[in-house]
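*Asks:* If you scroll down you'll find the structure; I have some questions about it.
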Amino acid sequence: MERYVGFHARSMDEFERLANLSEVNLIEIKPDKFRKYGDQLYTYEKNKFRVNEDLASRIQQIAIETDIRVQLHLPYAQKIDINEEVGLCQAIPEHHRILLDRYSLIEELNQRYSIGKVVTVHPPSWKIRGLQVCSMIDAIEYGRELYYKLDKLIKRKNYTFKVGIENMSDPKEDTATLGYELYQLEQLLGNTEMLGLTLDTGHRQLNENQSIRAMFAKALIVNMHFHTNPGAFSPENFDDDRHEIARVGNLKGFKHHIRSIRRFKIPVVCEVSDLEKMSNSEITKYVADLRERLS
5 MERYVGFHAR
15 SMDEFERLAN
25 LSEVNLIEIK
35 PDKFRKYGDQ
45 LYTYEKNKFR
55 VNEDLASRIQ
65 QIAIETDIRV
75 QLHLPYAQKI
85 DINEEVGLCQ
95 AIPEHHRILL
105 DRYSLIEELN
115 QRYSIGKVVT
125 VHPPSWKIRG
135 LQVCSMIDAI
145 EYGRELYYKL
155 DKLIKRKNYT
165 FKVGIENMSD
175 PKEDTATLGY
185 ELYQLEQLLG
195 NTEMLGLTLD
205 TGHRQLNENQ
215 SIRAMFAKAL
225 IVNMHFHTNP
235 GAFSPENFDD
245 DRHEIARVGN
255 LKGFKHHIRS
265 IRRFKIPVVC
275 EVSDLEKMSN
285 SEITKYVADL
295 RERLS
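Residue 245 in the working numbering sits at position 241 of the sequence shown; the count goes up by one each step and never skips.
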């Protein structure tokens, strides 16, 4: 059984560096981060998505040469503006058609370029940077409606990617995203058949109310964001979610995570923020150790 273990990439330079490390066989791309470095995997203009074929082909070629799987972490709402991808909000029904169109784009990326075997998405936000989008209850209903439509779309068109809805830490003073309570994730998934969860260990570290065992019981875990933090929640900002590399001594339940990954064959994305501070040999050694534990 091949174990998929790797990291997230925020630029093409980081992607290429990771792809050429011997122990790494999984990279999760963050398209909005790529865009900040001038690397657009796809464009969003006039409410339409279009693949950037040059970059997609380049990523595909590197993935073939280095034998890695490429996953996606979709941008989440950072404002309300239908003309920008980071302005698309799942808690606004008028944005749903466009958000569903993005999944059609992902299927194109997957079929033509083998990009997006697994796709992670944050749940709907109901408050964004001080702007109240809707009530928490309405956000659950609108998100449930969107995911039901997505489930039907996946089944009707035989889409081949997997979708993981990510568990979140508790809301901040000016930003609130669903997924910090298990019942919210359960209601969002509703009667869907094709959607699962992305289990984020760092978010769990900041949320004592979440039970990993219960998450496994409620839905298929299709992906894991493996990282840690000191576990001291801050309501003011996101500095508490430090995305530090996870080890036995700094991640609560480390060995339980390893057992779950091994048993359920979950892809592992080490979502570490300071990869540039780690040498190639340090990264390779770390992944080799994880593989040993998973063997």
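Backbone N, C-alpha and C define an ideal beta-carbon position, used for all residues, glycine too.
#1: Whole angstroms are fine: how far does the CA of LEU113 sit from the CA of ALA60?
#2: Thinking LYS222 and LEU189 are a contact (beta carbons under 8 Å), I'd like their distance in whole angstroms, please.
#3: Cutting at 8 Å between CB atoms, please list the residues of its own chain near ARG295, excluding the five before and the five after it.
#4: Please name the residue in ASP155, GLU240, LYS166 whose C-alpha comes closest to that of ASP174.
#5: Once DSSP output is grouped into helix, strand and coil, what is the label at GLU296?
#6: Could you check where the alpha helix (DSSP H) with ARG54 kicks off and where it finishes?
#7: Between the C-alpha atoms of GLY91 and TYR184, what's the straight-line distance to the nearest angstrom?
#8: Might you give, ordered along the chain, the residues of its own chain that have their beta carbon closer than 6 Å to the beta carbon of ARG14, omitting 5 neighbours on each side?
#9: For VAL137, which option in PHE53, HIS77, ALA95 has the closest C-alpha, if you only look at C-alpha atoms?
#10: With ALA218 as the anchor, note down where its alpha helix (DSSP H) starts and where it stops.
#11: Secondary structure at THR70, three-state DSSP: helix, strand or coil?
#12: With H, G and I counted as helix, E and B as strand and the rest as coil, what does DSSP make of THR124?
#13: Please give the ranges of any beta strand (DSSP E) in the stretch 183 to 250, keeping only runs that are unbroken, at least 3 residues long and fully inside the region.
#14: If we count the other Cβ atoms within 10 Å of its Cβ and call it buried at 16 or more, is THR196 buried or exposed?
#15: Would the C-beta of ASP43 count as close to the ligand MN, meaning under 7 Å from any of its heavy atoms?
#16: Would you kindly work out how many angstroms separate the C-alpha atoms of ASN24 and THR70, rounded to a whole number?
#17: Could you check whether the stretch 200 to 208 touches the stretch 148 to 159, counting it as contact only if at least three pairs of C-beta atoms, one from each stretch, sit closer than 8 Å?
#18: If you run the structure through DSSP and keep just helix, strand and coil, what is PHE165?
#19: What are the complete alpha helix (DSSP H) segments, minimum 4 residues, inside the stretch 73 to 118?
#20: What's the gap between the Cα of PHE11 and the Cα of VAL291?
#21: Rounded to the nearest angstrom, what separates ALA236 and THR47 at their Cα positions?
#22: Please report the Cβ distance between LEU255 and THR232, rounded to the nearest whole angstrom; I am assuming they are in contact, meaning their Cβ atoms lie under 8 Å.
#23: Determine the direct distance from the alpha carbon of GLU98 to that of ASP85, and round the result to whole angstroms.
#24: For the alpha helix (DSSP H) holding LYS131, just list the boundary residues, first then last.
#25: What residues are listed by DSSP as bridge partners for LEU135?
*Replies:* Based on what the coordinates show:
#1: When rounded, the distance between both Cα atoms is 8 Å.
#2: Indeed they touch by this definition, with Cβ atoms about 7 Å apart.
#3: ARG7, VAL9, GLU27
#4: GLU240
#5: helix
#6: No alpha helix (DSSP H) holds ARG54; the beta strand (DSSP E) holding it covers 52 to 55.
#7: When rounded, the distance between both Cα atoms is 22 Å.
#8: LYS34, LYS37
#9: ALA95
#10: 216 to 222
#11: Looking at THR70 - three-state DSSP - the assignment turns out to be helix.
#12: strand
#13: 199 to 204, 225 to 229
#14: buried
#15: The model on display carries no ligand, and the ligand MN is accordingly not part of it.
#16: Going by C-alpha positions, ASN24 is about 6 Å away from THR70.
#17: no
#18: coil
#19: 100 to 117
#20: If you take the alpha carbons of PHE11 and VAL291, they lie about 10 Å apart.
#21: 38 Å
#22: 4 Å
#23: 11 Å
#24: Counting along the chain, LYS131 falls outside any alpha helix (DSSP H), though it belongs to the beta strand (DSSP E) covering 129 to 132.
#25: Partner(s): ILE132.
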